[in-house]
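Our numbering puts the first residue of the sequence shown at 13, with every later residue one more than the last.
Don't be surprised by glycine CBs; every beta carbon is placed ideally from N, CA and C.
Read through the structure below, which is laid out as structure tokens, and then see the notes.
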Amino acid sequence: MRFLGFFVEVLNLKSLKKIIAIILTVTFCIGIISVSASAKEKLNYLLLGDSIAEGFGITNPDEASYGKIIADTNGYNYKNDAIMGRNSVGLVNHLTNDEEYINDVKWADIISVSIGGNDFLLDHAALLIVEGIIFNDYSKFDKIGETFYENFSKSMDRIHEINPNAKILVQLLYTSWTFDFARKPYKQAAKRINDAIIKYVEENPQNIYVVDTSEVFDGRRDCISTDTIHPNAQGNIELAKAVQSKLCEIGLANTAELVLLVPGIDRDYLIEYFGTPLGQIIIFAANVATGNFNFAF
Numbered sequence: 013m014r015f016l017g018f019f020v021e022v023l024n025l026k027s028l029k030k031i032i033a034i035i036l037t038v039t040f041c042i043g044i045i046s047v048s049a050s051a052k053e054k055l056n057y058l059l060l061g062d063s064i065a066e067g068f069g070i071t072n073p074d075e076a077s078y079g080k081i082i083a084d085t086n087g088y089n090y091k092n093d094a095i096m097g098r099n100s101v102g103l104v105n106h107l108t109n110d111e112e113y114i115n116d117v118k119w120a121d122i123i124s125v126s127i128g129g130n131d132f133l134l135d136h137a138a139l140l141i142v143e144g145i146i147f148n149d150y151s152k153f154d155k156i157g158e159t160f161y162e163n164f165s166k167s168m169d170r171i172h173e174i175n176p177n178a179k180i181l182v183q184l185l186y187t188s189w190t191f192d193f194a195r196k197p198y199k200q201a202a203k204r205i206n207d208a209i210i211k212y213v214e215e216n217p218q219n220i221y222v223v224d225t226s227e228v229f230d231g232r233r234d235c236i237s238t239d240t241i242h243p244n245a246q247g248n249i250e251l252a253k254a255v256q257s258k259l260c261e262i263g264l265a266n267t268a269e270l271v272l273l274v275p276g277i278d279r280d281y282l283i284e285y286f287g288t289p290l291g292q293i294i295i296f297a298a299n300v301a302t303g304n305f306n307f308a309f
């Protein structure tokens, strides 16, 4: 009888161990599933385009550009493939020929695009602004808009082809200059670019949205870098507000309140490039000419 009792106890102990092992295994599996589900829910956020998206107006764009602010606010995985000087032709080329670029588009759930400023500023700005000021004739700006529309359409079509499910947020151009004689031609050019963006989105509304940043910096000299073009630290916050508002509108974010983990540091690029005093003189002249008056002395 004692032996039988001992045998029953051993069986019960083995059963208990088996039950405990099963419970631990199930708990472990549930944990893995939960982690996997959590990781899957974390969206991938990619920035494409020009120096505005790159965060050129601050010295720490990897920490405080508007794209990083959006990623930090929403807990997104984050990549930034934007670069200074990129225009609509360059965007098409990279989306067609650059495998790393293409793979990043495949990876993304949400893509923010800033493009169009360099189509005007790099290739045509000085001559067309002078012509606009002297002759009040902006008809040549129409060609810029037409060419941009062709390239922009190719770029967006290509993104849709690479990743049909990605949500694309396209920013409009803003006007950062305040003096009317400089602001008017700048605004005329921006209007051509913005009209082209809006036209494409209206014709192809699937998974693409306009972020209206066209008036974000109106009267806000505190938001523009000393180069009179790029958003500074405060400007990046203002852009982030506009993007976050659109994300809330389309159901990809739950709050308009931003998470600012690292303060942005304003950049004086012209002083970096030309040194002092030449950089300071150029800043002074640029800000006087445009009405921005952001001196760096």
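**Message:** Since V255 and I82 should fall inside the 8 Å C-beta cutoff, what is the C-beta to C-beta distance between them, to a whole number of angstroms?
**Reply:** On the sequence shown, residue 255 is found 243 positions in, with the first residue counted as 1. On the sequence shown, residue 82 is found 70 positions in, with the first residue counted as 1. At roughly 5 Å, the Cβ-Cβ gap stays under 8 Å, so V255 and I82 are in contact.
**Request:** Might you give, ordered along the chain, the residues of its own chain that have their beta carbon closer than 7 Å to the beta carbon of K258, omitting 5 neighbours on each side?
**Result:** Residue numbering aside, residue 258 sits at position 246 when the sequence shown is read from its first letter. Excluding positions up to five away in sequence, the list reads L181, Y221 and V223.
**Message:** Please report the straight-line C-alpha distance between G128 and N177, rounded to a whole angstrom.
**Reply:** As a working note, residue 128 is residue 116 in the sequence shown. As a working note, residue 177 is residue 165 in the sequence shown. Rounded to the nearest whole angstrom, the C-alpha separation of G128 and N177 is 24 Å.
**Per-residue DSSP class, three states only, for N248** = As a first step, residue 248 is located in the sequence shown; it is residue number 236 there, counting from the start. In this structure, N248 counts as helix in the three-state DSSP scheme.
**Message:** Output needed for R232: all residues of its chain with C-beta closer than 6 Å, excluding positions within five of it in sequence on either side, in chain order.
**Reply:** For the purposes of this step, residue 232 is identified with residue 220 of the sequence shown, where counting begins at 1. Within the same chain, R232 has no close Cβ partners at all.
**Asked** Pairing CB atoms from the region 141 to 155 with CB atoms from the region 67 to 82, are three or more of them under 8 Å?
**Response** no
**Asked** To the nearest whole angstrom, what separates the beta carbons of I70 and I277, a pair I think is in contact under 8 Å?
**Response** For the purposes of this step, residue 70 is taken as the residue at position 58 of the sequence shown. For the purposes of this step, residue 277 is taken as the residue at position 265 of the sequence shown. The Cβ separation is near 6 Å, so the contact holds.
**Asked** Beta carbon of I171, beta carbon of L107: below 8 Å?
**Response** In the sequence shown, residue 171 corresponds to position 159, counting from 1. In the sequence shown, residue 107 corresponds to position 95, counting from 1. Yes, these two residues count as a Cβ contact at 8 Å.
**Message:** Does the contact criterion of 3 or more C-beta pairs under 8 Å hold for the region 83 to 96 versus the region 57 to 66?
**Reply:** The region 83 to 96 vs the region 57 to 66: in contact.
**Asked** When DSSP labels each residue in this structure, what does L272 get in the three-state scheme?
**Response** Indexing the sequence shown from 1 puts residue 272 at position 260. Judged by DSSP in its simplified three-state form, L272 adopts coil rather than helix or strand.
**Message:** DSSP three-state label for P73, please.
**Reply:** In the sequence shown, residue 73 corresponds to position 61, counting from 1. Reduced to three states, the DSSP call for P73 is helix.
**Message:** Short of 6 Å in beta carbon distance, which residues of its chain neighbour K199, apart from the five on each side in sequence? Order them along the chain.
**Reply:** Against the sequence shown, residue 199 aligns to sequence position 187. Answer for K199: T187, listed in chain order.
**Request:** Starting from the Cα of F153, find the closest Cα among T267, K253, K166 and K196 and give me that residue.
**Result:** On the sequence shown, residue 153 is found 141 positions in, with the first residue counted as 1. For the residues T267, K253, K166 and K196, the minimum Cα distance to F153 belongs to K196.
**Message:** Here's a check: name, in chain order, each residue in its chain whose Cβ is nearer than 6 Å to the Cβ of R204, leaving out the five neighbours to either side.
**Reply:** For the purposes of this step, residue 204 is taken as residue 192 along the sequence shown, with counting starting at 1. If we look at R204 and ignore the five residues flanking it on each side, its Cβ neighbours are F153, I156 and G157.
**Asked** At which residue ranges does the region 109 to 177 contain complete alpha helix (DSSP H) runs of 4 or more residues, listed in the order of the chain?
**Response** 111 to 119, 129 to 133, 137 to 147 and 153 to 174
**Request:** Could you tell me whether the Cβ atoms of L59 and S100 are closer together than 8 Å?
**Result:** Taking the first residue of the sequence shown as position 1, residue 59 is located at position 47. Taking the first residue of the sequence shown as position 1, residue 100 is located at position 88. Not in contact: L59 and S100 (Cβ atoms no closer than 8 Å).
**Request:** Give me the Cα-Cα distance between L139 and K54, rounded to the nearest whole angstrom.
**Result:** In the sequence shown, the residue the question calls residue 139 occupies position 127. In the sequence shown, the residue the question calls residue 54 occupies position 42. So the two alpha carbons sit approximately 47 Å from each other.
**Asked** Is the beta carbon of V117 less than 8 Å from the beta carbon of N175?
**Response** Here residue 117 refers to the residue found at position 105 when the sequence shown is read from its first residue. Here residue 175 refers to the residue found at position 163 when the sequence shown is read from its first residue. A contact, by the Cβ cut-off of 8 Å.
**Request:** Would you mind giving the Cβ-Cβ distance between T225 and Q183, rounded to the nearest angstrom? I have them listed as a contact below 8 Å.
**Result:** Counted from its first residue, the sequence shown places residue 225 at position 213. Counted from its first residue, the sequence shown places residue 183 at position 171. Taking C-beta atoms under 8 Å as the contact rule, T225 and Q183 qualify, at a distance of about 5 Å.
**Message:** Output needed for A202: all residues of its chain with C-beta closer than 6 Å, excluding positions within five of it in sequence on either side, in chain order.
**Reply:** The residue labelled residue 202 in the question sits at position 190 within the sequence shown. Result list for A202: L185 and T187, in chain order.
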